[in-house]
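These protein sequences, in sequence, are chains X and F. FYI, full-length UniProt numbering numbers position 90 of the first sequence as 90, with every residue one higher than the one before it. FYI, full-length UniProt numbering numbers position 120 of the second sequence as 120, with every residue one higher than the one before it.
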Amino acid sequence: MELICQSKYYTFYQAEKERRFYIDFGQKTIPLNLCQLIALRHKVLSISIEDHFDSDLNKHGFEVLLLCNKEHLFVLNTLEILDLKELVQHSFCVMGIAATRQTASV
Amino acid sequence: MKDIARQSMSIKVESMDMLNGQIKMEAHASAIYLAMASWCEQNGFFTSAKFFFKQAEEEREHMMKIFNFLIDTGGSPISPEISNINHDYSSIVDVFESTLEHEVKVTTSIHNIVKKARELGDITTERFLDWFVMEQVEEENTIRDILDMIEVTGTEGVGLQMIDNQVANWIE
Ligand SMILES: [Fe+2]
Ligand SMILES: [Fe+2]
C-alpha cells in the first residue's frame, strides 16, 4: 500500500495490486473502489459546513456519513469534516483526476 | 505510482460535477415542458401541447446522453432531484417566451462547461459537448421562429387558434 495523502485525522492509501484505495479513519481503515471513493467525495463535498455555525440548521455540529453502500457509518464533527473535505480534494488532485484543489461545488 | 484512478476514469472530476449539474438542468427542462404541455392541454392549445410533450421527451434524451457519457468515462452520474416547477402562464405567448428564456439559460450553461473543460484540458468532455452546442442553436432557432410566427399572426380574434395550428409545422 502506498500513501497518497495525509491530513490531520485521516490517511489515504492506494493498493496497486487490488486496484483499491484505503482510508484510515483512526478508529478503522476502510477499503474503497473508485466508484465508492467518488460517492464519498460527493457526500463529503455536499456537506454544508456553514450549517454547523447555525444552531437551527445543525443543532449538534455533527454529520453522519454512511459509506460504501451503507457498510460503514461515521459520526464526524465540524473539524473532522473540514479535514476530510481537504483530504478528498487533495487526493483527487494527487491522483490526477482533478485539475485543481478547489473543487467546484457538487 | 500506478494511476489506478486515472485508468478507471477518463474525464476530470470537475467536469463530472458540471455534467451532473447539466443532467439536473436537462431534467428540469423536461419537467418544465411537461408542465407547459399540461397548461396547453387545459387551455385548448392541443397542437402546442403535442409540441411540448415532444420537447419534454427530447430533454430527457439529452439528460440520458450525459448520464451515459458519465458511465462510459468511468464517472458517477447522479439521478437529479427536481422541484419548483411553474405551472402558471398568463398566455400562450408567455409559454413560448418562457421557453426561449429557458433555452438561452441552457445554452449559457453548456457554453460555460465547454469553457471550463477547455481550461481543465479535458478534451474528452469538450468534444462530447459539441453536439449539445449545435443542438442548442437548433432549439433556440425553433422557438424564435415560433415567436416570429406569433408576432405575424397576432393574438386578436382567431389569432390564438391559428397560432396553435401553425405550431404543427415545428413538430417533426
Ligand atoms: Fe436540452
Ligand atoms: Fe432544450
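Cβ atoms here follow ideal geometry from the backbone N, Cα and C, with glycine treated the same way.
Shown here, F/Phe45 sits in coil according to DSSP, grouped into three states, outside any helix or strand. Going by C-alpha positions, F/Glu57 is about 41 Å away from X/His52. A residue is called buried when at least 16 other Cβ atoms come within 10 angstroms of its Cβ; F/Thr125 meets this threshold and is buried. Selection around ligand 1 by beta-carbon proximity, strictly under 7 Å to any non-hydrogen atom, yields F/Glu26, F/Ala29, F/Glu58, F/Glu59, F/His62, F/Val106, F/Glu135 and F/Glu139 in chain order. It is roughly 35 Å from the alpha-carbon of F/Gln7 to the alpha-carbon of X/Glu50. The region 62-72 of chain F makes contact with the region 14-23 of chain F, as at least three CB pairs between them are under 8 Å. At a cut-off of 8 Å between C-beta atoms, F/Glu101 does not count as an interface residue with respect to chain X. The straight-line gap separating the alpha-carbon atoms of X/Leu57 and X/Pro31 is approximately 32 Å. Residue environment analysis places X/Leu87 among the buried positions, since at least 16 neighbouring C-beta atoms fall within 10 angstroms of its C-beta.
Residue state for X/Leu73 is assigned as strand, using DSSP reduced to three classes. DSSP places X/Phe21 inside the beta strand (DSSP E), whose first and last residues are Arg20 to Asp24.
In this structure, the straight-line span from the alpha carbon of F/Tyr33 to that of F/Ile85 is close to 10 Å. DSSP lists X/Asn77 as the beta-bridge partner residues of X/Phe62. If you look at X/Thr11, you'll find it isn't in any alpha helix (DSSP H); it sits in the beta strand (DSSP E) that goes Thr11 to Ala15. Look at F/Val114: its C-beta is not under 8 Å from any C-beta on chain X.
F/Ser76 and F/Gly44 have their C-alpha atoms roughly 42 Å apart. For F/Thr108, the uninterrupted alpha helix (DSSP H) run begins and ends at Ile92 to Leu120, by DSSP. Less than 8 Å divides the Cβ of F/Val106 from the Cβ of F/Met25. Using a Cβ-Cβ distance cut-off of 8 Å, the region 57-75 of chain X and the region 86-94 of chain F are not in contact, since fewer than three pairs of beta carbons, one from each stretch, lie closer than that value.
Distance from the Cα of X/Lys85 is smallest, within the candidate group X/Arg19, X/Tyr10, X/Leu73 and X/Met95, for X/Tyr10. In this structure, X/Ile81 lies near X/Ile47, with their beta-carbon atoms less than 8 Å apart. Around the beta carbon of X/Leu40, a 10 Å sphere encloses 16 or more other beta carbons of the protein chains shown; the residue is thus reported as buried.
Spatial neighbours of X/Phe21 in its own chain (CB-CB distance under 6 Å, excluding positions within 5 residues in sequence) are listed in chain order as Gln14, Leu32 and Leu37.
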